[in-house]
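Residues 993 to 1635 (my numbering) make up the sequence shown, in order.
Cβ coordinates follow ideal geometry from the N, Cα and C atoms, glycine included.
Being a predicted model, the structure only gives us computed values, none of them experimental.
Worksheet for the structure shown next.
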Amino acid sequence: MEYDRFQKEAIDYINRGHSVIVSAPTGSGKTVIAEHVITECLKEELGVIYTAPIKALSNQKFRDFQGLYGDKIGILTGDVSINTCAPVLIMTTEIFRNKVLEAPQGLRRYAWIIFDEVHYIDNEERGTIWEESIMFLPHHMKMLCLSATVPNIDGLSCWIESVHKTSLKRVVEQHRPVPLHFFFQCQNEILDRLKKLHQAGYKKKISYSYYGKKRFAHTFFKPNRLSVLLHHLQENDALPCIYFAFGRRRCEELAFELYSFNFLTNEEQNEVSLLYETLCRRFDLGHEKSAQRLLPLIKRGIAFHHAGMLPTLKEVIERLFTSRLIKLIFTTETFALGINMPARTVVFDELRKFYGRYHQNLKTRDFYQMAGRAGRRGMDKEGYIFCRINPRRIEFEEVQRILYGKPEMVTSKFNYSYATLLHLYGRHQEKLYALYPLSLHYFQEKPRRRKGAEAKLRAKVNLLKELNYIRNERLTQKGKFAASLYGYELPLAEIYEENILEELSATELAILATALVYEPRRKDQAPKITRNVRPIKEATDQITKNIHSLEQRFRIWPKSKECFWHLAQVTEAWLRGTEFSKLGQYSDADEGELVRYFRMAVQILREIRQAPVTSSALKEKINGLLAVFNRDIVDAEKQLRLK
């Protein structure tokens, strides 16, 4: 195989025994470098860990690497545990962080760790997990960090060098192997230059604003017709296409809007129908209404893919797309995160998306993470990007920034969890405060903000002492229990101390687990609380109220997770043996959302079971519960084992 310049450079450093950080555009071939590390380690009988930010990417890498290395590959996520003694172990970064804190001695057999998508360190919710993983990485392990293009890669690598007192070689690639060509749809015209976009959409917008008369709106603003765009793609041989729409409902609406289109020949229609039917049988989807609803679109070469769908149905769609029988897929941005599904063209429904609490214009880095899926190496001379622009929703200067601005800097989202602090306190006692200067946050911030972060750290430890998780510089039994539970440690540990976990029935325990993980949407109505759920709700509500009161006193933000009971009825129905396809009458949650919450609840139950102070009676109760709860479509391991 002939390597590109940056691949050769990285591989040369690796062969000379150096840790390496690689910054390169999406789709440029960073995975080849990871494969080299794996191949060389297998030759020398050394272990490798490969971490990914999301379970979907971990699962995909497991399948990809299994095809290359067979039974040398294992996987360990919150959902799945397959061949975990294999020399190459794939895991989510959360699982790796937990191992580093709980049992670092178990990592002695691994010589290398590969951090894929390391720029995820500035993810608002989970970036701190990456920071902790790098900070507490055993010094005997070498690193390969793979990142999208970020402007402060030197700063990031300097921080890692300062933590581990070793050199980290930087390899930077700006060039894309398949160049991108930008187009715009505005005023229902297809425009191939930014200058033309300004003339067609924004000069008239200025006139409209100047006159301020609504009767000019129809003259100056024409809606962008999807049919016009798709006819253009067909006529210019620009398929297959990934269409990014930032909403589940929007993905489906757009797909069904194209019912009159057909992108397949008669032969392809027969082929895709047969393949879809075969895959649906294999993944036990034949009876699912959602799979049947998609079939008419599939026969036309159209599909959609989003988090609200059944995980098995999403996998079927992914397999169809890689078979090249799906010519147009409507999807949310999760499709862009490392999942290897390139196309000739990428379309952006708009250049705005929801960022946690509100809608914002896209970050340049996020735009290129998605745009980078356009242009298939070895197949396309260039990739096509189409941005659908409504001048009333985005300023011209913002379009320029998103497309041609510098990618955003990677910044620390430092926020130690209570579980992390308990682990560190158990090992270092009051010396744990000396660990903060090792963080990326300390490395990047000015003295005043450093003081604020250290004060927050001390406040959390003081709260843990107040609640009796720490006594006489040691972890109490409750502290040891909480240290095993990431994200839900305080509510669950307080419930544990009250002996509630022992007293709950298996069904009540499952309902509690789903209440802990559920995140209500703004439009969700308050759930009906049945008589058998009310006592546990009242007890946990009081516990959460006490925790929040203390967190407010200690000025700790964000507050601990509270319980939401929207899934109580559907959980009861599932445990009674109700078929998954019939659960819709008990919950408004999307199918995929329901599976995800059930799987998260299963993960919590496993963490409780594995906690060092959990009684044998509670472990036995959880074992019996998991046998019923983690069945059929909820069983992620069963899905991953399907070929």
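Helix, strand or coil at residue i according to DSSP, with G and I counted as helix
i: L1455; result: helix
i: G1300; result: coil
i: W1549; result: coil
i: A1209; result: Interpretation of A1209 is limited by its pLDDT of 44, a score under 50 that renders its predicted location unreliable; no figure is taken from the coordinates.
i: E1554; result: coil
i: H1010; result: coil
i: M993; result: coil
i: R1292; result: coil
i: K1016; result: It is Ala, not Lys, that sits at residue 1016 in the sequence shown. Coil, per DSSP.
i: G1119; result: helix
i: R1274; result: helix
i: E1599; result: helix
i: M1362; result: helix
i: M1592; result: helix
i: Q1177; result: strand
i: L1136; result: strand
i: H1028; result: helix
i: F1322; result: strand
i: R1316; result: coil
i: Q1166; result: coil
i: Y1350; result: strand
i: A1475; result: coil
i: A1192; result: helix
i: K1214; result: coil
i: A1095; result: coil
i: Y1102; result: strand
i: T1656; result: No information on residue 1656 is available, as it lies outside the stretch 993 to 1635 that the chain covers here.
Cutoff 8 Å; reference residue i; Cβ partners in own chain excluding five residues on either side
i: S1409; result: T1120, Y1478, G1479 and E1481
i: L1501; result: L1493, L1597, K1613, I1614 and L1617
i: I1521; result: K1529, W1557 and A1560
i: L1413; result: L1424, L1449, K1452, V1453 and L1456
i: T1085; result: T1043, A1044, P1045, F1107, Y1112, R1118, I1121, W1122 and S1125
i: F1255; result: Q1226, L1231, R1292, G1293, I1294, K1319 and L1320
Cβ distance (whole Å) where residue i is taken to contact residue j below 8 Å
i: I1145; j: I1013; result: 7 Å
i: S1541; j: Q1561; result: Rounded, the Cβ-Cβ distance is 30 Å, inconsistent with contact.
i: L1231; j: L1317; result: With 8 Å as the limit, L1231 and L1317 do not qualify as a contact, their Cβ atoms being about 12 Å apart.
i: T1043; j: M993; result: At roughly 25 Å, the Cβ-Cβ gap does not stay under 8 Å, so T1043 and M993 are not in contact.
i: I1041; j: L1093; result: Not really, about 15 Å apart at Cβ, beyond 8 Å.
i: M1301; j: S1315; result: The Cβ separation is near 18 Å, so there is no contact.
i: S1015; j: T1158; result: Rounded, the Cβ-Cβ distance is 19 Å, inconsistent with contact.
i: F1238; j: D1341; result: 7 Å
Spatial neighbours of residue i in its chain, beta-carbon cut-off 6 Å, leaving aside the 5 residues before and after
i: P1604; result: K1472
i: V1620; result: L1567
i: L1432; result: E1123, W1151 and S1404
i: H1224; result: I1182
i: P1171; result: E1374
i: Y1235; result: F1322 and V1339
i: K1635; result: none
i: F1435; result: W1151
7 Å Cβ shell around residue i - same chain, five flanking residues per side excluded
i: I1003; result: Y995, I1025 and H1028
i: R1591; result: D1071, V1626 and A1628
i: R1207; result: The predicted model places R1207 with a pLDDT of 41, which falls under 50 and marks its position as unreliable, so this point remains unresolved.
i: T1563; result: A1502, I1503 and T1506
i: Y1636; result: The chain is shown from 993 up to 1635; residue 1636 falls before or after that span and cannot be answered.
i: P1429; result: none
i: D1184; result: F1175
Residue from the options with nearest C-alpha to residue i
i: E933; options: L1221, P1169 and C1150; result: Since the first and last residues shown for the chain are 993 and 1635, residue 933 lies out of range.
i: E1571; options: E1585, Q1421, C1555 and R1623; result: R1623
i: A1095; options: E1280, W1557, Y1112 and G1418; result: G1418
i: F1388; options: V1594, Q1052, E1599 and Y1194; result: Y1194
i: H1415; options: N1090, Y1589 and E1260; result: N1090
i: R1100; options: L1129, T1499 and L1575; result: L1129
i: D1533; options: L1218, F1546, K1000 and I1487; result: I1487
i: L1038; options: L1060, I1065 and F1236; result: I1065
i: L1266; options: K1291, F1275, P1439 and F1255; result: K1291
i: L1286; options: C1243, A1565 and T1326; result: C1243
i: C1233; options: D1184, D1114, D1372 and E1260; result: D1372
i: N1538; options: P1483, R1513 and R1523; result: P1483
i: Y1589; options: S1219, Q1097 and P1303; result: P1303
i: R1633; options: K1306, V1594, K1022 and S1073; result: S1073
Below-8 Å beta-carbon distance, residue i vs any chain B residue
i: K1537; result: In summary, chain B is missing from the structure at hand, where a single protein chain is found.
Could you name each continuous beta strand (DSSP E) segment of 3 residues or more that falls completely within the segment 1217 to 1245, going from the start of the chain to the end?
1233 to 1236
For a minimum of 4 consecutive residues, which ranges assigned as the alpha helix (DSSP H) are wholly contained in the segment 1032 to 1084?
1047 to 1061
Which complete beta strand (DSSP E) runs does the segment 1489 to 1570 hold, if anything under 3 residues is left out?
none
Segments of 3+ residues assigned as beta strand (DSSP E) that fall wholly inside the segment 1361 to 1432
1375 to 1380
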